[in-house]
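Below: the structure, in structure tokens.
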Amino acid sequence: MSKPTPYTWRRPDFPGDGSDVSWKDPTLLVICQKADVDTAIQPLLRSLKQPFAPGLVVSVFVHETMREGFCGRVRGSMEHMHRQAAGHAHYRQAVEMVDCLRAEVVGMLTPDDIRFRYTMAHDSPMIVCEFDHSFFGVSRPCAMVTLHTFRHASELPRLLARERVPFVSGAIWGAKMATVYEAALYLDLAVVYINCQGIPLTPVQEFLQAKQPHVVLARYHHFEVILHAGQHRVIVYPAKVIWEPPVREPAGAQDHPASQGTKDITHGVAKSKKRGHTKIRLTSFSKD
Numbered sequence: 102m103s104k105p106t107p108y109t110w111r112r113p114d115f116p117g118d119g120s121d122v123s124w125k126d127p128t129l130l131v132i133c134q135k136a137d138v139d140t141a142i143q144p145l146l147r148s149l150k151q152p153f154a155p156g157l158v159v160s161v162f163v164h165e166t167m168r169e170g171f172c173g174r175v176r177g178s179m180e181h182m183h184r185q186a187a188g189h190a191h192y193r194q195a196v197e198m199v200d201c202l203r204a205e206v207v208g209m210l211t212p213d214d215i216r217f218r219y220t221m222a223h224d225s226p227m228i229v230c231e232f233d234h235s236f237f238g239v240s241r242p243c244a245m246v247t248l249h250t251f252r253h254a255s256e257l258p259r260l261l262a263r264e265r266v267p268f269v270s271g272a273i274w275g276a277k278m279a280t281v282y283e284a285a286l287y288l289d290l291a292v293v294y295i296n297c298q299g300i301p302l303t304p305v306q307e308f309l310q311a312k313q314p315h316v317v318l319a320r321y322h323h324f325e326v327i328l329h330a331g332q333h334r335v336i337v338y339p340a341k342v343i344w345e346p347p348v349r350e351p352a353g354a355q356d357h358p359a360s361q362g363t364k365d366i367t368h369g370v371a372k373s374k375k376r377g378h379t380k381i382r383l384t385s386f387s388k389d
């Protein structure tokens, strides 16, 4: 019989999954012109509140026309950091480095009694502007999110190389399909989401592993495996069926009006018995 484990009040080490020691599936966020910022920043806000966990947003690339509005929106939506994250040694070291660099920081500000001067809250999340992770220890998470400003999509490879973080995916948000798709091709990442994030890759996983180009519509998203710059990668973006031909009842069945409306898409095949083309509308993009 095994010896029982003695009871102890000692709490387990934070965070307990090793995500403060090495990168675990870090992701990238890219904000293009006229992006839906409110939706795009939700994963970022979760990462700022608890910066030690797998799959966090650790860097943000923002188009220069969106920078001011983006920073204001994030600052206004921030929450205080997880208590143990704010006391972590990596966070305290990063704060000291930020003070040494005199870097521009997006964080939670606390006013004085007469609201004349504002200081950073002691447990505030921090987005450090125009500095990369090499200043804070590129081999491990530092509890900081870095932000870089770009003007043209062609600048993205240089910014990505500066970070030297092993990103597993990136999410690009913008209003025009041509703009965001161009940005997706500039990113040297295996998985790129457009106007969405974290969608399971089950519909195309086998094709990616087999390095076989493929396109499929599933779960109201468009999945494609492409070969670009010698690398097979996946690009995912939302798609929605807005019309389908009516489904006719088989001969001999009771006379019921033909059903119409949006139907589910499974592996790119619409469940319709009548010949015709299914019309697809890409969501979140303008018609320009």
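Here the sequence shown is numbered in this note's numbering, starting from 102 and rising by one per residue.
Yeah, the Cβ is synthetic: ideal placement off N, Cα and C, and Gly gets one too.
Could you give the residue range of the alpha helix (DSSP H) that holds residue i?
{"i": "Ser270", "result": "Premise fails: Ser270 lies in the beta strand (DSSP E), 270–274, not in any alpha helix (DSSP H)."}
{"i": "Met198", "result": "190–202"}
{"i": "Glu205", "result": "Segment: none, Glu205 is in no alpha helix (DSSP H) and carries neither H nor E."}
{"i": "Glu350", "result": "From DSSP, Glu350 is part of no alpha helix (DSSP H); its letter is neither H nor E."}
{"i": "Arg216", "result": "From DSSP, Arg216 is part of no alpha helix (DSSP H); its letter is neither H nor E."}
{"i": "Phe153", "result": "Unbroken run through Phe153: none, as it is neither H nor E."}
If you follow the beta strand (DSSP E) that residue i is part of, which residue opens it and which one closes it?
{"i": "Glu325", "result": "322–329"}
{"i": "Phe162", "result": "158–164"}
{"i": "Pro212", "result": "210–212"}
If you reduce the DSSP assignment to three classes, tell me which class residue i lands in.
{"i": "Pro339", "result": "strand"}
{"i": "Ala136", "result": "coil"}
{"i": "His183", "result": "coil"}
{"i": "Val316", "result": "strand"}
{"i": "Val305", "result": "helix"}
{"i": "Pro475", "result": "Outside the modelled stretch of the chain, which goes from 102 to 389, sits residue 475, for which no answer is possible."}
{"i": "Val122", "result": "coil"}
{"i": "Gln332", "result": "strand"}
{"i": "Pro105", "result": "coil"}
{"i": "Asp114", "result": "coil"}
Taking residue i and residue j to be in contact with their CB atoms under 8 angstroms, please state how far apart those CB atoms are, rounded to whole angstroms.
{"i": "Leu130", "j": "Val175", "result": "Their Cβ separation, rounded to whole angstroms, is 11 angstroms, which puts Leu130 and Val175 out of contact at 8 angstroms."}
{"i": "Glu59", "j": "Phe251", "result": "Here the chain covers residues 102 to 389 and nothing more, so residue 59 does not appear."}
{"i": "Asp289", "j": "Pro314", "result": "Incorrect: roughly 18 angstroms between the Cβ atoms, too far for contact."}
{"i": "His322", "j": "Cys297", "result": "7 angstroms"}
{"i": "Arg263", "j": "Asp233", "result": "5 angstroms"}
{"i": "Val229", "j": "Leu248", "result": "7 angstroms"}
{"i": "Pro45", "j": "Asp118", "result": "Any answer about residue 45 is impossible in this case: the structure gives the chain only from 102 up to 389."}
{"i": "Glu225", "j": "Thr128", "result": "First, the amino acid is wrong: residue 225 is Ser here, not Glu. Between Thr128 and Ser225 the Cβ distance is about 22 angstroms, and since that is not below 8 angstroms, they are no contact."}
Comparing the CB of residue i with every heavy atom of the ligand FAD, is any distance shorter than 7 angstroms?
{"i": "Asp114", "result": "Questions concerning the ligand FAD fall outside what the structure shown contains, since it holds no ligand whatsoever."}
Check whether the Cβ of residue i lies closer than 8 angstroms to any Cβ atom in chain B.
{"i": "Thr211", "result": "Although the question refers to chain B, the structure presented lacks it and comprises just one protein chain."}
At which residue ranges does the region 221–303 contain complete alpha helix (DSSP H) runs of 4 or more residues, listed in the order of the chain?
-> For the region 221–303, whole alpha helix (DSSP H) runs of length 4 or above, ordered along the chain, are 257–264, 278–287.
Counting pairs of Cβ atoms below 8 angstroms between the region 332–340 and the region 272–291, do you hit three or more?
-> Contact between the region 332–340 and the region 272–291 is present, because at least three Cβ pairs lie under 8 angstroms.
Do the region 185–199 and the region 136–156 touch if we need at least three Cβ pairs shorter than 8 angstroms?
-> Under the 8 angstroms Cβ criterion, the region 185–199 counts as touching the region 136–156, having at least three qualifying pairs.
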